[in-house]
Structures are given as structure tokens and as C-alpha cells.
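Undergrad: Be aware that the sequence shown starts at 6, since it is given in my numbering, and climbs by one per residue.
In this text, a Cβ means the ideal position worked out from N, Cα and C, and glycines have one as well.
A quick note: this is a predicted structure, and the numbers were derived from the prediction, not measured.
Sharing a structure, written as C-alpha cells. Questions coming.
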Amino acid sequence: MPAIAIAMYIIGRVGKKWLFCATLFRKFTISAGNTIMPVYTAELYPTAIRNAGVGACNVAAGLALILTPYLEMLNKIEKHLLMTLLTAWTIFGGIVVIFLPESRKHPQTTVSDVEEERN
6 MPAIAIAMYI IGRVGKKWLF CATLFRKFTI SAGNTIMPVY TAELYPTAIR
56 NAGVGACNVA AGLALILTPY LEMLNKIEKH LLMTLLTAWT IFGGIVVIFL
106 PESRKHPQTT VSDVEEERN
């Protein structure tokens, strides 16, 4: 209901055309992001492991899409549980990135380079 009231206020204030243009711009940017991300993700991985890397990213994205509607239920358990959980995952992700091979002094470009360095 608040969205309807806000939309009615905006329509009365600036007109229907501006609200329609803003909605189209929003939809365009979301669609552009959804189109660009798979291409960008594929470019992150070396050719030898590209399929496995993109597949792992798609599995993680699918799980996030499944779990997102249920995150709001965490607020019913504890008021700050949702934000605490999301903050903890963000910090965990930042710490994990520090240990990625590409963030060290010499980037590794192929799987064979990584295997040679381990041996």
C-alpha cells in the first residue's frame, strides 16, 4: 500500500511520463546487469576451468535466489539477526578474497602454473 500512495504522489507532482521513464530506466539497468554478468563471470576464469567456474557461480546465484524470500523471516526471530548475518557473510567474503592467488604478488594465469607452484 505505501508504494501506491507514493506512486500517486509522484504522478500528481511530476506527471505520468516521468514516472514511466524512471520505471523504464530502472528496468533497463536491471536487464543490462543481468545480461553483462554472465559474460563478465566467464572472463574471470582461465579457459581450462571456465565451465566449472561459471557453473559454481550459477549454483551460488540460484541458491541465493531461493533463499532471499525467506531472509525476511529472520527479523521475526530477532530484530537485528538479518543484518548481522549479512554483515558476517560480507566480512567472511572479504577475508576469503585476501587469500585468492590473484591477490598475491604474482598472478597465475593457467591451471598448470598453479599445479607447478604447488609441487
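Pair every Cβ in the region 36-47 with every Cβ in the region 57-66, then say whether three or more of these pairs are closer than 8 Å.
TA: yes
Undergrad: Would you say Gly38 and Thr46 are within 9 Å of each other, going by their C-beta atoms?
TA: no
Undergrad: Straight-line CA distance for Lys21 to Tyr14?
TA: 11 Å
Undergrad: Grouping DSSP H, G and I as helix and E and B as strand, with all else coil, what is Gly99?
TA: helix
Undergrad: Do you know offhand how far Phe33's Cα is from His85's?
TA: 33 Å
Undergrad: Please report the Cβ distance between Ala12 and Leu29, rounded to the nearest whole angstrom; I am assuming they are in contact, meaning their Cβ atoms lie under 8 Å.
TA: Between Leu29 and Ala12 the Cβ distance is about 15 Å, and since that is not below 8 Å, they are no contact.
Undergrad: Measure from the alpha carbon of Ala69 to the alpha carbon of each residue in Trp94, Thr89, Ile9 and Glu121, then state which is nearest.
TA: Trp94
Undergrad: Per DSSP, what kind of secondary structure is Met78 in: helix, strand or coil?
TA: coil
Undergrad: What is the rounded straight-line gap between the Cα of Pro74 and the Cα of Glu121?
TA: 44 Å
Undergrad: State the Cα-Cα distance for the pair Thr92 and Lys81, rounded to the nearest angstrom.
TA: 18 Å
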